[in-house]
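When we follow this note's numbering, the leftmost residue of the sequence shown carries the number 15, and every step to the right adds one.
Before any comments, here is the structure.
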Amino acid sequence: MESNNDNWSEKLSETIQRIRKYVIFVLTYVAYCITRYIVLLFQRISWGIMGVEYIRRDARRGLQYKQSAHVQDIIWRRKLYDISIAHPVNFITVHNGFKHPTYVLKQKVTLYCLTKHEAVFVETTENVDIYNSDVIPAFHNAQFKHAQKIITMPLASFHKMASDLGDPRMPIIWISRTWRCGSAIMRQMFESIPGTMVIGEPDALTSLSNLERDQIISKSEYKQLLESTIRILCKPNERAKMVCIKTRPCCFRMVPDIYSTQPSIRHIFMYRNSLKTVTSVLGTTLNSNILFQIVRFIVDNNSLSKILPCVRRKMYDMFGHLNKSDKTLKDTAPNFSSVGIIIAGWASSVSKCEELRTYNIPILPVIFEDLIKYPRKTCELLFEYFHIPEENVTLAVDGFRKDTRRASTILARLPLKNETRRNIEPEKRAEADAILKKYSLPKLGERYEIPGFLSID
15 MESNNDNWSE
25 KLSETIQRIR
35 KYVIFVLTYV
45 AYCITRYIVL
55 LFQRISWGIM
65 GVEYIRRDAR
75 RGLQYKQSAH
85 VQDIIWRRKL
95 YDISIAHPVN
105 FITVHNGFKH
115 PTYVLKQKVT
125 LYCLTKHEAV
135 FVETTENVDI
145 YNSDVIPAFH
155 NAQFKHAQKI
165 ITMPLASFHK
175 MASDLGDPRM
185 PIIWISRTWR
195 CGSAIMRQMF
205 ESIPGTMVIG
215 EPDALTSLSN
225 LERDQIISKS
235 EYKQLLESTI
245 RILCKPNERA
255 KMVCIKTRPC
265 CFRMVPDIYS
275 TQPSIRHIFM
285 YRNSLKTVTS
295 VLGTTLNSNI
305 LFQIVRFIVD
315 NNSLSKILPC
325 VRRKMYDMFG
335 HLNKSDKTLK
345 DTAPNFSSVG
355 IIIAGWASSV
365 SKCEELRTYN
375 IPILPVIFED
385 LIKYPRKTCE
395 LLFEYFHIPE
405 ENVTLAVDGF
415 RKDTRRASTI
425 LARLPLKNET
435 RRNIEPEKRA
445 EADAILKKYS
455 LPKLGERYEI
465 PGFLSID
């Protein structure tokens, strides 16, 4: 009895500590937002007096190309959660100076995100390799954490510089994926190959994808920005003989446009068992902090979702509505539970991959379970497919031995679980099965092989 009381007291203490920590975090974030607003108001006045805004305005008009890269020092940074998309609001900055746009071609300067009017770069410290997954698995989070300066420039300057660079001179492998598909292991595999630079989830692409999805920019602007973004991301690098870009799930809708502008890029689509995808998202991403736990609670409560429909809609946009042209679930999506939203994203992506292959877009589907079960054979087949020297196979297989959770701020503290179909409530299983049926896909948890997948047999 005394032992039970001790356990209860310990759990209560842990809960109180978590709540206290989160309250402090929220209050700090609110203080950050207020401070940033005040700083921006002050800068409108001070930059006008100092002539900073005059140069920025001329640069937007194309009159100050040689001074159109605005360098700013970062004095404070904040994100509400780790997987939030990169944006200039992540930083409070002060004016440093103006540079020629070629300043961003330095190796320690990388493209952070895009807005309707500007390209945003960050400059990181010399001693940190933000491309390395040992630092932080997600490239955008490594940029956020280690940035010392941000550099903004008008899109006209961005396009001119990209045009001067021209198309990438090295082979590019593009990894598209579903949520929680084990793509970190594939990243580590390519990362182990000498002369290969891996960019894991660059939010320059994510922000561009969302600008087009939300119709903030036109289709022609989007295509031009896509071409320039690829050129800048793959700028000349003395250590990179090959570049591998692993994107967020929402960027999969960009593949047809990537193929039309850069047909030499080779594509992989990675996915895993539908049940494992659902349980992994529920057990990790949606369990990583109190905010996501609250979101899931609201989404799975019909009464609260009717009061706060924006929460379910926001979650659907993040996890389910990955392909805006897909109207299969248009009428039923507003009523989905968290399981339904996740499986909708999985089904839409898998279906989209099949569609792209029927259009003769050379995308290679890879099943995570096969990759884990037959690592060496999978590496051999992939290397043959991409014309990578076979002597690197052993190094690539060594990449499988790394713990994918080692540097993740989201996953490191979460327990590993062995999930089965029974862990999903019957009504949610039925919901998932109904969604999958609309895409002519098998029931939740059943293996599905996209035609043309990388077969190990």
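Every residue gets a Cβ at the ideal spot worked out from N, C-alpha and C, and that includes glycine.
Only a predicted model underlies this, so the values are computations on that prediction, with no experimental measurement involved.
Query: Host beta strand (DSSP E) of H281 (start-end); Result: R280 to Y285
Query: Neighbour-count burial assignment, W193, 16 or more Cβ in a 10 Å radius; Result: buried
Query: Nearest to Y145 (by Cα), restricted to the options V134, Y126, K163 and H131; Result: Y126
Query: Uninterrupted beta strand (DSSP E) stretches inside the region 218 to 271 (no shorter than 3 residues); Result: 256 to 260
Query: Sheet register partners of L322 (DSSP bridge); Result: The partner list for L322 (beta bridge, DSSP) is empty, contrary to what the question assumes.
Query: Cβ-based burial, Y462 [other Cβ within 10 Å; buried from 16]; Result: buried
Query: Inside the region 130 to 183 only - beta strand (DSSP E) runs reaching at least 3 residues; Result: 132 to 138 and 161 to 168
Query: Through-space distance from A152 to W90, alpha-carbon basis; Result: 20 Å
Query: As assigned by DSSP and simplified to three states, the class of K113; Result: strand
Query: One or two residues paired with F105 in a DSSP bridge; Result: R91
Query: Completely contained beta strand (DSSP E) runs for the region 354 to 431, where each covers 3 or more residues; Result: 377 to 381
Query: Environment of L55 [buried if 16+ CB atoms lie within 10 Å]; Result: exposed
Query: Contact check, T166 vs A218, beta carbons under 9 Å; Result: no
Query: Cβ-based burial, L77 [other Cβ within 10 Å; buried from 16]; Result: exposed
Query: Stretch pair the region 183 to 202 + the region 94 to 101: three plus CB contacts closer than 8 Å; Result: no
Query: Residue nearest to L239 in terms of C-alpha spacing, selected from K255, R253, E252 and S221; Result: S221
Query: 9 Å Cβ cutoff met for K130 and I231; Result: yes
Query: C-beta atoms of A9 and G354 nearer than 9 Å; Result: Nothing about residue 9 can be reported from this structure: the residues present for the chain run from 15 to 471 only.
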